[in-house]
Amino acid sequence: MTTTASLPVGQQLEVGDIVASDASLRRFLHGLPGVDQVGAEARVATLSTRSIKTTAKAWAIDLAISMIDLTTLEGQDTPGKVRALCAKALRPDPADQSTPRVAAICVYPDMVPVAAHELAGSGVHVASVATAFPSGRAALPVKLADTRDAVAAGADEIDMVIDRGAFLSGRYLEVFEEIAAVRQAAGDAHLKVILETGELVTYDNVRRASWLAMLAGGDFIKTSTGKISPAATLPVTLVMLEAVRDFRDTMGRQVGVKPAGGIRTTKDAIKYLVLVNETVGDDWLDPDWFRFGASSLLNDLLMQRTKLTTGRYSGPDYFTLD
Amino acid sequence: MTGKKFEYAPAPESRAIVDLKPSYGLFINGEFVDPADGRAFKTISPATEEVLAEVSEAGKADVDRAVQAARKAYDRVWSKMPARERGKYLYRIARILQERARELAVLESLDNGKPIRESRDVDIPLVAAWFFYYAGWADKLDHAGFGPSPRPLGVAGQVIPWNFPLLMLSWKIAPALAAGNTIVLKPAETTPLTALLFAEICQQAGLPPGVVNIVTGAGETGRALVEHPDVDKVAFTGSTEVGKMIARSTAGSDKKVTLELGGKAANIVFDDAPVDQAVEGIVNGIFFNQGHVCCAGSRLLVQESVYDEVLASLKRRLGTLRVGDPLDKNTDIGAINSAEQLARIRELSAVGEAEGAERWAPPCDLPDKGFWFAPTLFTGVSQAHRIAREEIFGPVLSVLTFRTPQEAVEKANNTPYGLSAGVWTDKGSRILWMAGQLRAGVVWANTFNRFDPASPFGGYKESGYGREGGRHGLEAYLDV
Chain A
0 MTTTASLPVG
10 QQLEVGDIVA
20 SDASLRRFLH
30 GLPGVDQVGA
40 EARVATLSTR
50 SIKTTAKAWA
60 IDLAISMIDL
70 TTLEGQDTPG
80 KVRALCAKAL
90 RPDPADQSTP
100 RVAAICVYPD
110 MVPVAAHELA
120 GSGVHVASVA
130 TAFPSGRAAL
140 PVKLADTRDA
150 VAAGADEIDM
160 VIDRGAFLSG
170 RYLEVFEEIA
180 AVRQAAGDAH
190 LKVILETGEL
200 VTYDNVRRAS
210 WLAMLAGGDF
220 IKTSTGKISP
230 AATLPVTLVM
240 LEAVRDFRDT
250 MGRQVGVKPA
260 GGIRTTKDAI
270 KYLVLVNETV
280 GDDWLDPDWF
290 RFGASSLLND
300 LLMQRTKLTT
310 GRYSGPDYFT
320 LD
Chain B
0 MTGKKFEYAP
10 APESRAIVDL
20 KPSYGLFING
30 EFVDPADGRA
40 FKTISPATEE
50 VLAEVSEAGK
60 ADVDRAVQAA
70 RKAYDRVWSK
80 MPARERGKYL
90 YRIARILQER
100 ARELAVLESL
110 DNGKPIRESR
120 DVDIPLVAAW
130 FFYYAGWADK
140 LDHAGFGPSP
150 RPLGVAGQVI
160 PWNFPLLMLS
170 WKIAPALAAG
180 NTIVLKPAET
190 TPLTALLFAE
200 ICQQAGLPPG
210 VVNIVTGAGE
220 TGRALVEHPD
230 VDKVAFTGST
240 EVGKMIARST
250 AGSDKKVTLE
260 LGGKAANIVF
270 DDAPVDQAVE
280 GIVNGIFFNQ
290 GHVCCAGSRL
300 LVQESVYDEV
310 LASLKRRLGT
320 LRVGDPLDKN
330 TDIGAINSAE
340 QLARIRELSA
350 VGEAEGAERW
360 APPCDLPDKG
370 FWFAPTLFTG
380 VSQAHRIARE
390 EIFGPVLSVL
400 TFRTPQEAVE
410 KANNTPYGLS
420 AGVWTDKGSR
430 ILWMAGQLRA
440 GVVWANTFNR
450 FDPASPFGGY
460 KESGYGREGG
470 RHGLEAYLDV
């Protein structure tokens, strides 16, 4: 297996060869095409000028609602708070039954039983963060136990964090093996790998971490924990979308993308959907392949949805606050 | 949700902001006047072939009148005015351009066919930037590096093309006024409307009569202006063919001449390039403004080792380009400017096929009315093909390959033109080496078609002579 500066199109690579050693993995990740920061940001700026109106806007709002991982990740979370959030997930807008449900509820592991009970049979998934979220600074056995615990409690999806310290110091194989171990511990649960791009800083790092997470078996790659600023940004999401597109071309497996943190308005959400549409296309315009990690975004989407159907804006008190 | 496809609903920019008159006169000595022999022509929207307005055709007598007005304004007002006062007028024009930006953008897209996204986000902001930039120079000419108190030339006769009507006007008028010259400008016959709106802006700014005169017409009007004996300076942007005629007709006179002509720029992609951004740069290089760009990256040179990958990405990207109504805010590629230009693009594309290159275009629905051409690329092109040598001036890309940096330089320079070039690589030292080797007035590194008023622009060889923009751009309008 030789790694070249470019990815052979349509040619299937063997993961085993790439991760044979730290050196081979490094050669592969550093052989990926670089990202030009100015160019990536310029591309996003252009796409952000897309004007999404009327029918397109209505379609995008409903799609965005159905892609939300409605999230509460606070030290102050209680079963009552989680129950309320689940009720919101099932009926985002009590005044309009045609409103789609969100994709999932995202909570800490100890809240999973509550959410699983509330959402049982609804089709809304239960996602749990795990692996010593958000810092990931714990021993591997602790992280694996954290993961198994969440899955046993009924989590359908696990949002793990990578060891950014190991990544930044170049111990790529260590990061790979940890993700692979969590992948195994998660069993049938969907694995989302949080890169915490705000700590990786460069787009080159984002692209390498994306590939690392995908090679290790992640079902989704996710930008952020929401605890570090900056959280999700459009250029970072662009780089990740390019990575999942290229990964499918070379490895034959589709991986989802989840920007999380800092996406608060309908306008923002639509910019992300435009980015998906024009970078990877229809195949990813689906809650199975693209998610928003957000909490306050939902109410803004509902407000814009009401505006589109009634022609009027209603005040924030007409939307529930859970 | 009705389906899985994200279909953007039409998002047209309103035309209501533009107040089109049924007919326009010539702008001479601060007012709109009828041409001496009353001749006129129609300007149409290339997207719909709708007649937008009737525009006067200036004959020899009208051009003479305009030059006389400019001479009088030069002798009595503009050359006598303190430089700081000249600067104030330029600043005032720049501010009005910004205030009326949307109106100008809509009118530009209507008359030219370019997408509103480009006229709104590129053309008009650059127009204002050019005036602001040269406004700042007006009272600092002593420090421009041309010796103490450099003198203006007098009356400048300027002829501009249809691809960036108002932007080319600003490249011509802003430095000329800052340096203290007065102007007679002829816009292209297919795109005269924004220049005439600019004339209104000159009135609004209270610019003294005769300092800027706008005469509309076709080639004969341009010839009368360029050959007028009382014109001290000729500035032309357009085709190499016309540029050569101007060079011949001004030879032996003491007119100072600058020419900005055609190009066949190489956009060179090395195997270590940031591929996704390089693909964006290729698209921006050739499909920006429907490829109606003299510095367009119309020859793509890709290193053979990444050819398959780059081409696959490029084709995928071309599939997402949105061709259609220039006034729709989501349009990427608008209409070809004229039936004549469309015929030339079709002709050269047919030659490309006949000479054995492989033609490819993404599936795209083109409107029935108006002048349209799908974004097209040719592979299997060699240096010997006409589509690799002649300027097509349309959305047509010729793809060639190279093996070594030396070969890339040889192929890039092997053209009668030399206006611009692009280099895509992650290696800084290679960028610098390439920039030193390429015989092109502008070399872009990891970007393409970026313009800034502080940066000089101009060509080698058949791409013309003289520089526009920056401090260098002042030299063309000063007696140095």
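Line order of the protein sequences matches chains A and B.
For the first sequence, numbering that gives the first Met the number 0 gives the first residue as 0, with consecutive numbering after it.
For the second sequence, numbering that gives the first Met the number 0 gives the first residue as 0, with consecutive numbering after it.
Every residue, glycine too, gets a C-beta built ideally from N, C-alpha and C.
Residue i, enclosing alpha helix (DSSP H) - first and last residue
i: ILE386/B; result: It is not in any alpha helix (DSSP H) - ILE386/B carries neither H nor E in the DSSP assignment.
i: CYS201/B; result: 192–203
i: SER65/A; result: 53–65
i: ARG470/B; result: 469–474
i: GLU409/B; result: 404–412
i: GLU156/A; result: Counting along the chain, GLU156/A falls outside any alpha helix (DSSP H), though it belongs to the beta strand (DSSP E) covering 156–160.
i: ILE178/A; result: 171–184
i: TRP136/B; result: 123–136
i: ARG91/B; result: 82–98
Outcome for residue i when other beta-carbon atoms lying within 10 angstroms are tallied against a minimum of 16
i: ARG247/B; result: exposed
i: HIS124/A; result: buried
i: THR70/A; result: buried
i: ILE157/A; result: buried
i: PRO315/A; result: exposed
i: HIS384/B; result: buried
i: HIS142/B; result: exposed
i: GLY24/B; result: buried
i: GLN289/B; result: buried
i: SER5/A; result: For SER5/A, the predicted structure reports a pLDDT of 46, less than 50, and the residue's modelled location is therefore unreliable. The matter cannot be settled from this model.
i: ALA407/B; result: buried
i: GLY9/A; result: Because the pLDDT at GLY9/A is just 48, under 50, the model does not fix this residue reliably, and the value given afterwards should be weighed accordingly. The residue is exposed, with fewer than 16 neighbouring Cβ atoms inside 10 Å.
i: VAL211/B; result: buried
i: GLN303/A; result: buried
i: THR1/B; result: In this prediction, THR1/B has a pLDDT of 44, which is less than 50 and means its spatial position is unreliable; what the coordinates show is noted afterwards. The residue is exposed, with fewer than 16 neighbouring Cβ atoms inside 10 Å.
i: GLN75/A; result: exposed
Enclosing beta strand (DSSP E) for residue i [first to last residue]
i: ILE104/A; result: 103–106
i: ASN212/B; result: 211–213
i: PHE26/B; result: 25–27
i: THR305/A; result: Looking at the DSSP string, THR305/A is not in any beta strand (DSSP E); the run it does join, the alpha helix (DSSP H), is 296–309.
i: LYS270/A; result: Not the beta strand (DSSP E): LYS270/A falls in the alpha helix (DSSP H), residues 265–278.
i: THR375/B; result: 375–378
Residue from the options whose Cα sits closest to the Cα of residue i
i: SER65/A; options: LEU72/A, ALA57/A, THR71/A; result: ALA57/A
i: THR54/A; options: PRO415/B, GLU6/B, GLY153/B, GLU30/B; result: GLU6/B
i: ARG14/B; options: ARG101/B, TYR90/B, PHE31/B; result: ARG101/B
i: VAL181/A; options: PHE289/A, SER47/A, ALA129/A; result: ALA129/A
i: LEU486/B; options: GLY209/B, LEU125/B, TRP136/B, LEU140/B; result: Coverage of chain B is limited to positions 0 through 479, which leaves residue 486/B absent and any answer about it impossible.
i: ASN324/A; options: GLY164/A, ALA184/A, PHE219/A; result: What the structure shows of chain A is the stretch from 0 to 321, and residue 324/A is not part of that stretch, so it cannot be assessed.
i: ALA217/B; options: ALA204/B, TRP443/B, LEU317/B, PRO160/B; result: PRO160/B
i: LYS79/B; options: ALA127/B, ASN180/B, PRO415/B; result: ASN180/B
i: LEU12/A; options: THR305/A, GLY251/A, GLY310/A; result: GLY251/A
i: ILE193/A; options: VAL174/A, GLU117/A, THR249/A; result: VAL174/A
i: SER428/B; options: ARG388/B, PHE269/B, PRO228/B; result: PHE269/B
i: PHE31/B; options: THR42/B, PRO9/B, SER44/B, ALA57/B; result: ALA57/B
i: LEU320/B; options: VAL422/B, GLY472/B, PHE287/B; result: PHE287/B
i: ILE67/A; options: VAL256/A, ASP281/A, LEU307/A; result: VAL256/A
i: ASN29/A; options: TYR202/A, LYS52/A, LYS306/A, ALA102/A; result: It should be pointed out that residue 29/A corresponds to His in this sequence rather than to Asn. Taking only the C-alpha atoms, the option nearest HIS29/A is TYR202/A.
i: THR278/A; options: ALA453/B, ILE115/B, LEU317/B; result: LEU317/B
i: ILE281/B; options: TRP129/B, ILE386/B, SER454/B, VAL395/B; result: VAL395/B
Subject >> chain A contacts made by the segment 2–19 of chain B, where a contact means CB separation under 7 Å >> reply: LYS3, LYS4, PHE5, GLU6, TYR7, ALA8, ALA10
Original post:
Going along the segment 117–130 of chain B in order, which residues come within less than 9 Å of chain A, judged by CB to CB distance?
Top reply: ARG119, ASP120
**OP:** Kindly provide the ranges of any beta strand (DSSP E) runs that are 3 or more residues long and lie completely inside the segment 254–341 of chain B, ordered along the chain.
**Re:** Complete beta strand (DSSP E) runs here, min 3: 255–259, 265–268, 298–302.
**OP:** Check distances from the C-beta atoms of the segment 260–293 of chain B to those of chain A and list, in chain order, the residues that come in under 9 Å.
**Re:** Those would be ASP270, ASP271, ALA272, PRO273, VAL274, ASP275, GLN276, ALA277, GLU279, GLY280, ASN283, in chain order.
**OP:** Return the residues of the segment 325–354 of chain B that lie within a Cβ-Cβ distance of less than 7 Å from chain A, sorted by chain order.
**Re:** LYS328, ASN329
Original post:
Of all the residues that make up the segment 265–278 of chain A, which are near chain B by a beta-carbon distance shorter than 7 Å?
Top reply: LEU272, ASN276, GLU277
Original post:
Of the residues that make up the segment 94–121 of chain A, which ones have a beta carbon closer than 9 Å to any beta carbon in chain B?
Top reply: PRO99
Subject >> Runs of alpha helix (DSSP H) wholly within the segment 391–456 of chain B (minimum 4 residues, chain order) >> reply: 404–412, 427–436
**OP:** Jot down the residue ranges of each uninterrupted alpha helix (DSSP H) in the segment 4–60 of chain B, minimum 4 residues, whole runs only, in chain order.
**Re:** Counting only runs of 4+ residues, no alpha helix (DSSP H) is found wholly inside the segment 4–60 of chain B.
Subject >> Ordered list of alpha helix (DSSP H) runs contained in the segment 70–140 of chain A, each at least 4 residues >> reply: As far as the segment 70–140 of chain A is concerned, its whole alpha helix (DSSP H) runs of at least 4 residues are 78–89, 111–118.
Original post:
Listed in chain order, which residues of the segment 435–451 of chain B have Cβ atoms closer than 8 Å to some Cβ of chain A?
Top reply: ASN445, THR446
Original post:
Of the residues that make up the segment 362–388 of chain B, which ones have a beta carbon closer than 7 Å to any beta carbon in chain A?
Top reply: none
Original post:
Name the residues in the segment 37–67 of chain B whose C-beta lies less than 7 Å from a C-beta of chain A; which are they?
Top reply: none
Original post:
If contact means a Cβ-Cβ distance below 9 Å, which residues of the segment 17–35 of chain A contact chain B?
Top reply: PRO32, GLY33, VAL34, ASP35
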